[in-house]
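These notes are about the structure you will find just below.
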Amino acid sequence: MTSMPTAEAPQILASVRPTIAIVGRPNVGKSTLFNRITGTRQAITDGQPGITRDRIYGLAEWAGRRFTLVDTGGMVPRSVDEIETEVHAQAEIAVRDADLVVMLCDATEGLTGLDQEVGDMLRKRNQPCVLVLNKVDHPDSTRYDTSEFYRLGLGEPLTVSAATGRRSGDLLDAIVARFDKLGLGDGDEIREDEIRIVIAGRPNVGKSTLMNRLAGQSVSIVHDSPGTTRDATDIRIERNGRRYVLVDTAGQRRRSKINESVEYFSVLRASRNIERSHVVILLLDATEGVTVQDARIMNHVIDSGKAMLVAVNKWDLKSDRSADPDAPKADIEEYTRDMLHCFPFLRDFPWLFLSALTGRRASRCLDLAANVHAAATQRISTSELNRWVEGVTQRVDPSAGGKEVRLLYLTQVETAPPTFLVFCNRPDLVSNAYRRYVENELRKSFEFGGTPVRLVWRSTRSRQARKLGE
Ligand code: GDP
Ligand code: GDP
């Protein structure tokens, strides 16, 4: 029996290429296959009634190769239903952005007209594609008439049962073999000396304007994934001797032209770009206050564990005194206070008030991005942490309810985001307030402004127990 690939926590992955999109008409089993391969399910839902897509992108690994899988909405070409049409349009874009497409059909229903239309679209685009027939649950494949699917012109179909997992390992082998054929490497080649930045924000906050403003200083434009037809464009810029990459600028420009009423696609795109980046610039509109959509994007960025800065755009409109460098300070304080009241967690991130349109303070984004990146990637030695934890526990004793609680030691196991294991004799007795205290002290003592920090509490007893059991 083949073991299924494991899904990884996205924040640990620096790269998520290549990308595979699963497409097909509704009900062929796209979500089932997606779940089978990624092994996890985490809801990203859209607030709009009528559309609730569960998680639409996931990270997976097979035979040591990592990739991103995208579960597109069902493709219904020429539908008159507004939502179906939109979902179809979004799936088309997902297809265009994918390195490889899995075209899924239902073997038990035979080839349908809709399958043919989707297949035609893929063939016309010369899209690298694997044809897969799902719901082949029974080992006796002669029960299924697969011959008609050759008519799609997409090559020899593979058969799987997404529901039972039958032959899904063979499918993954085929996918990995295609990566090699297409020259797709294992993930992005992220250069260590470059800081990859993505600008996240709802439509109209000024993402494209800021991109263009920053790109004005660009040193080169890089088309990624050589050998494929993707048109994503990263822009490499240099400032104060440092290199930055603005991730997926083309997507950003393109996006403003398409209808973003279906939120899930924006979330998908943003997710992918966030995964590919080191630093997220969370862009807000000074004139509009924070919307539900902003809050959702914010949560998404926080969950991703990426370093972040909060950039409040259109500040030129907020204060007609903006020409006077001292005057807007009161406005800034008021705005910040109101925001922190609603979103207290934003206090851990640096703020910038700018105008992408006039360019005022826009390039400060880059300096702040460098700062938060440095915070996210720093490593604190275990000996330093041990000295530190002594002071922390002396100031406030973790013991609770008459029971002795001791923090034995801390060790940093990851950067970006900085992640610490806290070994404790009784983590079950440590209150949330105490956990917050430790995190806050850690932030205060070391330079963690602009990055999430994760503390994982471990019991020393279970650790010893595990050791004994080894
Ligand atoms: P999607 O609309 O393409 O995402 O399809 P879903 O994943 O929601 O699946 C549609 C239906 O087909 C569900 O009732 C699934 O349980 C069923 N299904 C999916 N995969 C298989 C399979 O391999 N075998 C069988 N028998 N049913 C399946
Ligand atoms: P996107 O959808 O987030 O990419 O937003 P755009 O960059 O397309 O900007 C939306 C609108 O806001 C455009 O009309 C821009 O000219 C305007 N805009 C962007 N930044 C600023 C700014 O700093 N000040 C003002 N006054 N308008 C801005």
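According to my numbering, numbering within the sequence shown proceeds without interruption in unit steps and concludes at 496.
Cβ atoms here follow ideal geometry from the backbone N, Cα and C, with glycine treated the same way.
- By the neighbour-count definition (other C-beta atoms within 10 Å, threshold 16), S57 is a buried residue.
- The C-beta separation of M324 from V398 comes to about 15 Å, leaving the pair out of contact by the 8 Å criterion.
- The Cβ neighbour count for G331, taken over all protein chains shown within 10 Å, is at least 16; the residue is labelled buried.
- Pairwise C-beta distances place the region 455–464 in contact with the region 422–431, as three or more of them are shorter than 8 Å.
- The region 432–450 and the region 375–394 do not touch, with fewer than 3 CB-CB distances between them shorter than 8 Å.
- Between V338 and the set M365, D132 and A124, the nearest pair of CA atoms involves M365.
- Within the same chain, V158, L184 and V186 come within 7 Å of L197 by CB-CB distance, once the 5 residues on both sides are set aside.
- In this structure, L137 lies away from E182, with their beta-carbon atoms at least 7 Å apart.
- By the beta-carbon neighbour count (other beta carbons within 10 angstroms, threshold 16), S167 is exposed.
- Here D260 is buried: its Cβ has 16 or more other Cβ atoms, across all protein chains shown, within 10 Å.
- The Cβ atoms of D125 and T45 lie closer than 7 Å to each other.
- In this structure A120 is in contact with T98, their Cβ atoms being roughly 5 Å apart against a cut-off of 8 Å.
- As a beta-bridge residue in DSSP terms, W377 pairs with V336.
- Taking 7 Å as the cut-off, the Cβ atoms of L95 and A86 count as close.
- Contact check for C131 against V54 passes: the beta carbons are separated by less than 7 Å.
- For I406, no beta strand (DSSP E) segment is defined, and its DSSP state is neither H nor E.
- Between S303 and V273, the gap from beta carbon to beta carbon is short of 7 Å.
- Following the DSSP letters along the chain, one finds L210 in no alpha helix (DSSP H), marked with neither H nor E.
- In the DSSP assignment, Q153 falls outside any alpha helix (DSSP H), carrying neither H nor E.
- Shortest gap from the CB of L455 to any heavy atom of ligand 2: 6 Å or more.
- Less than 7 Å divides the Cβ of V127 from the Cβ of A47.
- Across the structure, V431 and P478 are spaced so that their CA atoms are roughly 26 Å apart.
- Listed in chain order, the beta strand (DSSP E) elements of length 3 or more contained wholly in the region 107–137 are 126–132.
- Note that the C-beta distance between K233 and I223 is not below 7 Å.
- Taking C-beta atoms as the reference points, I221 and Y270 count as a pair closer than 7 Å.
- In the DSSP annotation of this structure, the continuous segment of the beta strand (DSSP E) that includes R480 starts and ends at R480 to S485.
- With a cutoff of 7 Å on beta-carbon distance, T384 and D342 are scored as near each other.
- Rounded to whole angstroms, the Cβ separation of V102 and R149 is 18 Å, and the two are not in contact under 8 Å.
- Rounded to the nearest angstrom, the gap between the Cα atoms of R262 and F371 is 31 Å.
- Checking the 6 Å criterion, the Cβ of N412 is out of range of every heavy atom belonging to ligand 1.
- The beta carbon of S389 sits closer than 6 Å to no other beta carbon from its chain once the five residues preceding and following it are set aside.
- The three-state secondary structure of L309, taken from DSSP, is strand.
- Pairing T419 with L433 gives a Cβ-Cβ distance under 7 Å.
- Near ligand 2, meaning a Cβ closer than 6 Å to any of its heavy atoms, lie the following residues in chain order: G227, P229, N230, V231, G232, K233, S234, T235, S282, N339, K340, D342, L343, S381, A382 and L383.
- F371 carries a helical assignment under DSSP once its states are collapsed to helix, strand and coil.
- A straight-line Cα-Cα distance of about 14 Å links D199 and G191.
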